[in-house]
Amino acid sequence: MKRVLSVFTLFLLLHTAGAQVKEGKITYQQTVDMYRRIPEENQQLRSMISQFRTTKFELLFADNQSLFKSVEEEPDMTEQNNGGVVIRMGGSGENQYYRNFSTQRSVEIRELMEDLYLVEDSIRSLSWKLEEGETKTILGYTCKKATGKTARGSDIVAWYSEDIPLASGPEQFNGLPGMILGIDANKGEIVFTAKLLDKKIDRKNLKVPAKGKKISNADFLVKQKEVMGNGQVRIVNN
C-alpha cells in the first residue's frame, strides 16, 4: 500500500512540475483612475480628461529572466489650466523593467520629462505578507494573495500563481513565490490584470535594455522628487 501511495505521489509531483510554465509572454491591462491624482475640488481639470485610462503591457520571461514593457504607444497629450499646472497624459511607453533573477540584476529604462534614464541596480521588492486562505483565478490559474506597502505608503494587493515559478510581475512588483498576475495599487488607483498568456516566445526579444543616460537608482529618485515637487508640474503617469 505504501508503495502504491509513493508511486502515486511521485506521479502527482511529476505532473505538477510538467504543468508549470517556464517561459512565455503575459499581456497585462493597466487601468489608472486619473481622478485620484487630481484634487476633487478641481472639477474644471477633471472635466478635461477621462476618469480611467487603460494601457496594454507585456512581460516576456524565460531562463530566469523577465522584461516588462509597453506594447502600444499612447498619444502624448498635454492639458493646461489657468493655474499653470500641466498634466502630461502620455503613457509610459518608453519605460522597461528587466530582471535577471539568477544574478539579482535589475535594469530599467525610466522616462522623466521626456528624458530617458538607464537605471541599474540589484533587484528590489516589497516586504510582502502572504495571506493564507484567499485565492482567485486569473487566466485559469489559481492565484494566492499577498499584501505590501510601497515606500510612499501605498497599499498593494498582489495575486500570484505558483504554476508560473518566477518571482516576477508587472512594473517594479516582484519577489513572490510565483508570477504576479494581478496588482491593485492604492485601493484601485492603479490596477494590473493579466489578460493573455502565450507559452512560447522569441527569446531574442528578451534582452537587457540599453537606451538612456546611465544613472543610479538613488540619483534617479532625487531627480524624480525634484520634478514632482517643484510646484509647477504634476505628472500623471506611473
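With numbering that gives the first Met the number 0, letter number 138 in the sequence shown gets 137, and the count goes up by one each step, no holes.
Cβ coordinates follow ideal geometry from the N, Cα and C atoms, glycine included.
Start and end of the beta strand (DSSP E) containing residue i?
i, result
"N99", "95-99"
"L220", "From DSSP, L220 is part of no beta strand (DSSP E) but of the alpha helix (DSSP H) over 216-227."
"T192", "189-197"
"L115", "114-121"
"V70", "Counting along the chain, V70 falls outside any beta strand (DSSP E), and DSSP gives it neither H nor E."
"R109", "104-111"
"I179", "178-184"
Between the options, which lies nearest to residue i when the distance is taken from Cα to Cα?
i, options, result
"G152", "E161, S126, S167, S160", "S126"
"I179", "V118, G187, L165", "L165"
"K135", "S101, E161, K213", "E161"
"I37", "E188, A217, D197, V226", "E188"
"S121", "K186, I137, V31, Y96", "Y96"
"A193", "E113, L44, D183", "D183"
Count the other CB atoms within 10 Å of the CB of residue i; is the residue buried (16 or more) or exposed (fewer)?
i, result
"K24", "buried"
"Q50", "exposed"
"E133", "exposed"
"T77", "Low confidence applies here, because T77 scores a pLDDT of 44, under 50, leaving its location unreliable and the question unanswered by this model."
"G228", "exposed"
"E107", "buried"
"M88", "Caution is warranted here: a pLDDT of 49 is assigned to M88, below 50, making its placement in the model unreliable, and the coordinate value is therefore given only provisionally. By the 10 Å Cβ count, M88 comes out buried."
Mapping DSSP to helix, strand and coil, what is residue i?
i, result
"K21", "coil"
"T8", "For T8, the predicted model reports a pLDDT of 47, less than 50, meaning its position is unreliable and no value from the coordinates is stated."
"K213", "strand"
Pick out the complete alpha helix (DSSP H) segments inside the stretch 32-68, 4 residues or longer, and give them in chain order. 42-45
Ranges of the alpha helix (DSSP H) found wholly within the stretch 124-162, counting only runs of at least 4: none
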